[in-house]
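Student: I have a structure here, written as structure tokens, and I will follow up with some questions on it.
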Amino acid sequence: MIEDFVTVYQAEIMRRIRSRPYIIGLLVGVIAISLLTKLPTMIEGAFGGARAILLVGDPALLARAKPLLAGDYKIAGTLASTTIDDATLKHYHASSAVELQARAGGLHVTVYSHDPGEVHRDTLSQALLPLQLQLATHRSAGDVTKLTAIPVTIVTVASKFASAGQASAARGVAYTLLFFLYLLIIINSQLVMSSVAEEKTSRIAELLIASVNPTALLTGKIIASATLGFLQLGVWIAAAVYLGGGSGSTAGGSGQETSGLLSLSNALDVITPGLVVAFLLFFIIGFLQLSTLFAGAASLINRTEDLGSIALPLIMPIVFAFIIAIAALGSPDAPLAVVCSYLPLVAPFVMFARMAVSNVPLWQVALSIGINLVALYLIAVLAGKIYRVGMLLYGRAPSLRQVWSVIRS
Amino acid sequence: MLEVDHVRKEFGSVRAVSDVHFDIEDATTFGLLGPNGAGKTTTMRMILGILVPDGGRVTWNGAAIHDKSRRHFGYLPEERGIYGKMKVREQIAYFGKLHGLREPDLSKRIDRWIEQLGLAVYQDRPCAELSKGNQQKVQVACAAVHAPQLLVLDEPFSGLDPVNAAMLLSVLNELRNNGTTLILSSHQMWQVEDLASRFCIIAGGANRADGTLSALRSAWPTRVVRVSPPSDAVRARLESIAGAQPLARVEDAIDYRVPATTDFAALLRALVDVAPVTKFEAIEPSLQEIYLRAIGESAA
Numbered sequence: 487m488i489e490d491f492v493t494v495y496q497a498e499i500m501r502r503i504r505s506r507p508y509i510i511g512l513l514v515g516v517i518a519i520s521l522l523t524k525l526p527t528m529i530e531g532a533f534g535g536a537r538a539i540l541l542v543g544d545p546a547l548l549a550r551a552k553p554l555l556a557g558d559y560k561i562a563g564t565l566a567s568t569t570i571d572d573a574t575l576k577h578y579h580a581s582s583a584v585e586l587q588a589r590a591g592g593l594h595v596t597v598y599s600h601d602p603g604e605v606h607r608d609t610l611s612q613a614l615l616p617l618q619l620q621l622a623t624h625r626s627a628g629d630v631t632k633l634t635a636i637p638v639t640i641v642t643v644a645s646k647f648a649s650a651g652q653a654s655a656a657r658g659v660a661y662t663l664l665f666f667l668y669l670l671i672i673i674n675s676q677l678v679m680s681s682v683a684e685e686k687t688s689r690i691a692e693l694l695i696a697s698v699n700p701t702a703l704l705t706g707k708i709i710a711s712a713t714l715g716f717l718q719l720g721v722w723i724a725a726a727v728y729l730g731g732g733s734g735s736t737a738g739g740s741g742q743e744t745s746g747l748l749s750l751s752n753a754l755d756v757i758t759p760g761l762v763v764a765f766l767l768f769f770i771i772g773f774l775q776l777s778t779l780f781a782g783a784a785s786l787i788n789r790t791e792d793l794g795s796i797a798l799p800l801i802m803p804i805v806f807a808f809i810i811a812i813a814a815l816g817s818p819d820a821p822l823a824v825v826c827s828y829l830p831l832v833a834p835f836v837m838f839a840r841m842a843v844s845n846v847p848l849w850q851v852a853l854s855i856g857i858n859l860v861a862l863y864l865i866a867v868l869a870g871k872i873y874r875v876g877m878l879l880y881g882r883a884p885s886l887r888q889v890w891s892v893i894r895s
Numbered sequence: 072m073l074e075v076d077h078v079r080k081e082f083g084s085v086r087a088v089s090d091v092h093f094d095i096e097d098a099t100t101f102g103l104l105g106p107n108g109a110g111k112t113t114t115m116r117m118i119l120g121i122l123v124p125d126g127g128r129v130t131w132n133g134a135a136i137h138d139k140s141r142r143h144f145g146y147l148p149e150e151r152g153i154y155g156k157m158k159v160r161e162q163i164a165y166f167g168k169l170h171g172l173r174e175p176d177l178s179k180r181i182d183r184w185i186e187q188l189g190l191a192v193y194q195d196r197p198c199a200e201l202s203k204g205n206q207q208k209v210q211v212a213c214a215a216v217h218a219p220q221l222l223v224l225d226e227p228f229s230g231l232d233p234v235n236a237a238m239l240l241s242v243l244n245e246l247r248n249n250g251t252t253l254i255l256s257s258h259q260m261w262q263v264e265d266l267a268s269r270f271c272i273i274a275g276g277a278n279r280a281d282g283t284l285s286a287l288r289s290a291w292p293t294r295v296v297r298v299s300p301p302s303d304a305v306r307a308r309l310e311s312i313a314g315a316q317p318l319a320r321v322e323d324a325i326d327y328r329v330p331a332t333t334d335f336a337a338l339l340r341a342l343v344d345v346a347p348v349t350k351f352e353a354i355e356p357s358l359q360e361i362y363l364r365a366i367g368e369s370a371a
């Protein structure tokens, strides 16, 4: 018995290690791990790492403050004096402007931000404490305790939200909904993939295609899965409402804090009809894009064991999109977030995240939807061709050249 | 009426079908024969509208194959497939619905097929739990539950034991008697010979021979003459026929291949004149022989 086991074990090792799915899976896994380990750094860099701030005030004072703040914030620029508004912040790609004033009582800080929770009093106070102490040495007397308490005034600039609580709630809601979106799209697209693979590997595909138009067959599968997705969503939302809100931790770059559990009333305040429509729209677009791609890919396999290796390269953009979207919750107007909110497969996550926490110009939303609908059409044509032919192909898995010739036909 | 009009199909650089043509009258059985890789399955897929011909055309009752006509077709592919987790009754119902059947007609038809194929005991069991033979019966029911106008069967007898093969034969005859046109391919020639009234032998993607069995036989250049009892006088008389060739010895008889143009009545009279004859047969070629010759010619 043990001999049998060893024989089978060795043969299985040799067979799998030489198989194409195994090699592809191995390479993709290495690439994925490499990307995942570097991605946070890359994203941090792309989003400016620490929060980008604009410094405003006396140039001499700013020159002394800059090195102190550089550890926690990226200094997007300095200005002697100006009126801080949305246009100024966008011009410098800064999420906040920090105005420093040396007053009689010590340093005074005013933060102008889209998001009241963006630049935290404690972080600023800590960073500027040496400057406060330097300024104090030039004065005759000073209560150290009093000096360390740097007054920070926060001014909201063209914010979407009326209060810090609401902004925090918005991030919590956005995070929760993004997570739903991610799970819904991944789970339901994989259901479509498994279903196609089952029909292919059980050899029932030919009988089905003889009975029903392949497009109808594929569409039926995808829409059924979308329906199940909506059902799942309903259950998840019901559970979230029942439990009084989802996790409200504000994910994103450094310098942020968690806001604790999301208040249900705050959550309901920020879930506007527009946000609900955006969620449903981007779920439909994202799900249709991915599930159609999955179905096309699944039609090419001959064994269910090959599903994993063929799914992995297709899931990677979604994982990437999710990570970018989480980062975009903190910096919705960062250039990478803006670019990603147009990219097919990625946009449904990133654009939704941006819409949830900021006022995205309507033209950007329309452009994103337009690009992604066109992409969906192209994906459907491409995957439909592969599916129609792939479902009848048995034996050796088709080479990339064969797949390409099918696409071109 | 089905017309296959000089169809051609290529997959990249591979030409699967180069020139296949035939037509089939309604409510008849047609045998599509050929060796592996001859293009039978591709031709069947074009007939069913699964593949679109690159050249030529397929028409059903004068019109090109479209989704509406496909609803009246049934197909039993060579590679059998089944949803293992689905119950027998559900599976037949699913395919019935795909072909447009609705309740209460659907249930009545399912009952009839389950009864006819002896599947009553298994109807609420998942298909994966059935034996291979019973799974094939389920597949036959799925292909024919909607009483198709055209039923295409690719190797329908493959894997069936003699009892189930006989049952399938009777089911197919019944379908044909009820108006279904049957196209079947099989390597078991005797079954095709029993069932089909017309044949098309293809090899290398093109027609090699086609027509009714009698037409194919009449085109055959030789016949086998079998005479009993064997004697030198009989052998000498047979060898006097131009082009006659002795065949392997048969117990209590002599077999000679002679030209089909031989006057067999005159030959019998001549044989009776030279020796006592108790048995005389002019054997026509079997479908198997015609098939092998057509395939051999195509390979040559």
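Sequence order for the protein chains is V and C.
If you read the first sequence in the numbering used here, its first letter stands for residue 487, the second for the next number, and so on.
If you read the second sequence in the numbering used here, its first letter stands for residue 72, the second for the next number, and so on.
Where is the CB? At the ideal position from N, CA and C, for every residue including glycine.
(1) Using 10 angstroms around the beta-carbon of MET72 of chain C, count the other beta-carbons present and answer buried if the total reaches 16, otherwise exposed.
(2) For ASN278 of chain C, which beta-bridge partners are listed by DSSP?
(3) From LEU703 of chain V to LYS686 of chain V, what does the alpha carbon distance come to, in whole angstroms?
(4) Taking buried to mean at least 16 other C-beta atoms within 10 Å of its own C-beta, is ALA764 of chain V buried or exposed?
(5) Unbroken alpha helix (DSSP H) runs of length 4 or more, entirely within the region 114 to 151 of chain C: which are they?
(6) Using CA coordinates, which residue listed in C:LYS156, C:VAL209, C:ARG364 and C:THR332 is at the minimum distance from ALA353 of chain C?
(7) Under the three-state reduction of DSSP, which class applies to PHE228 of chain C: helix, strand or coil?
(8) In three-state terms, what does DSSP make of PRO830 of chain V?
(9) The region 684 to 703 of chain V: which residues have C-beta closer than 7 Å to a C-beta of chain C, in chain order?
(10) Would you decide whether VAL234 of chain C is buried or exposed? Buried here means 16 or more other CB atoms lie within 10 Å of its CB.
(11) Which value, in whole angstroms, describes the spacing of the CA atoms of LEU615 of chain V and GLU585 of chain V?
(12) Could you work out which residue in V:GLY794, V:LEU822 and V:LEU793 is closest to PHE806 of chain V when comparing CA atoms only?
(13) Between the region 656 to 671 of chain V and the region 794 to 814 of chain V, are three or more C-beta pairs nearer than 8 Å?
(14) Against chain V, does TYR146 of chain C count as a neighbour if the rule is that its beta carbon must be under 9 Å from one of theirs?
(15) Is the region 239 to 255 of chain C touching the region 334 to 348 of chain C, taking contact as three or more C-beta pairs under 8 Å?
(16) Using a 10 Å radius around the Cβ and a threshold of 16 neighbouring Cβ atoms, would you call LEU748 of chain V buried or exposed?
(17) Between which two residues does the beta strand (DSSP E) harbouring SER268 of chain C extend?
(18) Out of C:LYS203, C:ASP76, C:THR114 and C:THR99, which has the shortest C-alpha to C-alpha gap to GLY250 of chain C?
(19) Just reading off the alpha helix (DSSP H) that GLN207 of chain C is part of, what are its end residues?
(20) Can you pull the chain V residues whose beta carbon is under 8 Å from the beta carbon of LEU169 of chain C, in chain order?
(21) For ILE123 of chain C, count neighbouring Cβ atoms within 10 angstroms of its own Cβ and tell me buried if that reaches 16, exposed if not.
(22) Check whether the Cβ atoms of ASN278 of chain C and ASP76 of chain C sit closer than 9 Å, and answer yes or no.
(23) Work out the CA separation of CYS213 of chain C and GLY167 of chain C for me, nearest whole Å.
(24) Strictly below 9 Å CB to CB, what residues from chain C border LEU878 of chain V?
(25) Taking the alpha-carbon positions, what's the ALA866 of chain V to LYS158 of chain C distance?
(26) Just mark PRO227 of chain C as buried or exposed, buried being the case when its beta carbon has 16 or more other beta carbons within 10 Å.
(27) Counting C-beta neighbours from all protein chains within 10 Å, is the total for ARG183 of chain C 16 or more, i.e. buried, or is it exposed?
(28) Just verifying my parser: in three-state terms, what is the DSSP assignment at LYS576 of chain V?
(29) From the beta carbon of ALA218 of chain C, is the nearest beta carbon of chain V less than 9 Å away?
(30) Is SER795 of chain V near ILE872 of chain V, with beta carbons less than 9 Å apart?
(31) Using beta carbons (cut-off 9 Å, strictly below), is GLN210 of chain C in contact with chain V?
(32) Quick one: does ARG151 of chain C have its CB under 9 Å from some CB of chain V?
(33) Could you name the residues of the same chain whose beta carbon sits closer than 7 Å to that of PHE491 of chain V, not counting the 5 residues immediately before and after it, in chain order?
(34) May I have the straight-line CA-CA distance separating GLU791 of chain V from ILE153 of chain C, to the nearest angstrom?
(35) In three-state DSSP terms, what is SER89 of chain C?
(36) So which residues of chain V does GLY155 of chain C contact, with C-beta pairs closer than 7 Å?
Tutor: According to the structure shown:
(1) To locate residue 72 of chain C, count along the second sequence from 1; it is residue 1. Classification of MET72 of chain C: exposed, given that the 10 Å Cβ count is below 16.
(2) Indexing the second sequence from 1 puts residue 278 of chain C at position 207. Paired residues: C:ILE273.
(3) Here residue 703 of chain V is taken as the residue at index 217 of the first sequence, counted from 1. Here residue 686 of chain V is taken as the residue at index 200 of the first sequence, counted from 1. Each residue's alpha carbon lies about 13 Å from the other.
(4) Residue mapping note: residue 764 of chain V aligns to position 278 of the first sequence, counting from 1. Counting Cβ neighbours within 10 Å, ALA764 of chain V comes out buried, since at least 16 surround it.
(5) 138 to 141
(6) The residue labelled residue 353 of chain C in the question sits at position 282 within the second sequence. ALA353 of chain C has its Cα closest to that of C:THR332, out of C:LYS156, C:VAL209, C:ARG364 and C:THR332.
(7) Sequence index remark: in the second sequence, residue 228 of chain C carries index 157 (1-based). The answer is coil: DSSP assigns PHE228 of chain C none of H, G, I, E or B.
(8) Residue mapping note: residue 830 of chain V aligns to position 344 of the first sequence, counting from 1. If DSSP states are grouped into helix, strand and coil, PRO830 of chain V belongs with coil.
(9) SER688, ARG689, ILE690, ALA691, GLU692, LEU693, ILE695, ALA696, SER697, VAL698 and ASN699
(10) Locating residue 234 of chain C in the second sequence gives position 163, counting from the first residue. Here VAL234 of chain C is exposed. Its C-beta has fewer than 16 other C-beta atoms within 10 Å.
(11) Translated into positions along the first sequence, residue 615 of chain V becomes position 129. Translated into positions along the first sequence, residue 585 of chain V becomes position 99. Between LEU615 of chain V and GLU585 of chain V, the C-alpha separation is close to 15 Å.
(12) The count along the first sequence starts at 1 and reaches residue 806 of chain V at position 320. Shortest Cα-Cα distance from PHE806 of chain V to any of V:GLY794, V:LEU822 and V:LEU793 involves V:LEU822.
(13) The region 656 to 671 of chain V is in contact with the region 794 to 814 of chain V.
(14) Here residue 146 of chain C corresponds to residue number 75 of the second sequence, with the count starting at 1. Judged by the 9 Å Cβ criterion, TYR146 of chain C is in contact with chain V.
(15) Output reads no: the region 334 to 348 of chain C does not touch the region 239 to 255 of chain C.
(16) Translated into the one-based positions of the first sequence, residue 748 of chain V becomes position 262. Low per-residue confidence applies at LEU748 of chain V: pLDDT is 47, beneath 50, and the placement is therefore not dependable, though the value from the model is reported in the following sentence. With a 10 Å radius around the Cβ and a threshold of 16 neighbouring Cβ atoms, LEU748 of chain V comes out buried.
(17) Position 197 of the second sequence holds residue 268 of chain C. It is not in any beta strand (DSSP E) - SER268 of chain C carries neither H nor E in the DSSP assignment.
(18) Numbered from 1 along the second sequence, position 179 holds the residue referred to as residue 250 of chain C. Here the closest residue by C-alpha is C:THR99.
(19) Counting from one through the second sequence, the residue named residue 207 of chain C turns up at place 136. First-last of the alpha helix (DSSP H) with GLN207 of chain C: 203 to 215.
(20) Working through the second sequence from its first residue, we reach residue 169 of chain C at position 98. Those are LEU694, SER697 and VAL698, listed as they occur along chain V.
(21) As a position in the second sequence, residue 123 of chain C is number 52, starting the count at 1. Looking at the sequence shown, residue 123 of chain C is not Ile but Val. Burial call: exposed.
(22) As a working note, residue 278 of chain C is residue 207 in the second sequence. As a working note, residue 76 of chain C is residue 5 in the second sequence. No.
(23) Along the second sequence, one-based indexing puts residue 167 of chain C at 96. Along the second sequence, one-based indexing puts residue 213 of chain C at 142. When rounded, the distance between both Cα atoms is 7 Å.
(24) Reading the first sequence from its first residue, position 392 is the one you call residue 878 of chain V. Chain order gives the chain C residues near LEU878 of chain V as ARG116, ILE121 and LEU122, where near means a beta carbon separation below 9 Å.
(25) The residue given as residue 866 of chain V occupies position 380 in the first sequence. The residue given as residue 158 of chain C occupies position 87 in the second sequence. Distance between the alpha carbons of ALA866 of chain V and LYS158 of chain C is about 32 Å.
(26) Taking the second sequence and counting its residues from 1, one reaches residue 227 of chain C at position 156. Buried, because 16 or more other Cβ atoms sit within 10 Å of the Cβ of PRO227 of chain C.
(27) As a working mapping, residue 183 of chain C is identified with position 112 in the second sequence. Exposed: under 16 other Cβ atoms inside 10 Å.
(28) The residue labelled residue 576 of chain V in the question sits at position 90 within the first sequence. DSSP places LYS576 of chain V in helix when its eight states are reduced to three.
(29) On the second sequence, residue 218 of chain C is found 147 positions in, with the first residue counted as 1. With 9 Å as the cut-off, ALA218 of chain C does not count as an interface residue toward chain V.
(30) Position 309 of the first sequence, counted from the first residue, corresponds to residue 795 of chain V. Position 386 of the first sequence, counted from the first residue, corresponds to residue 872 of chain V. When the beta-carbon positions are compared, SER795 of chain V and ILE872 of chain V stay at least 9 Å from each other.
(31) As a working note, residue 210 of chain C is residue 139 in the second sequence. So yes, GLN210 of chain C belongs to the interface.
(32) Here the question's residue 151 of chain C lines up with position 80 in the second sequence. Judged by the 9 Å Cβ criterion, ARG151 of chain C is in contact with chain V.
(33) Start at 1 with the first residue of the first sequence, and residue 491 of chain V comes out as number 5. No answer about PHE491 of chain V holds up, because its pLDDT of 43 lies below 50 and its placement is not dependable.
(34) As a first step, residue 791 of chain V is located in the first sequence; it is residue number 305 there, counting from the start. As a first step, residue 153 of chain C is located in the second sequence; it is residue number 82 there, counting from the start. Taking the straight line from one Cα to the other gives about 19 Å.
(35) Within the second sequence, the letter at position 18 stands for residue 89 of chain C. The three-state secondary structure of SER89 of chain C, taken from DSSP, is strand.
(36) In the second sequence, counting from the first residue as 1, residue 155 of chain C sits at position 84. Near GLY155 of chain C (Cβ distances below 7 Å), the residues of chain V are SER688.
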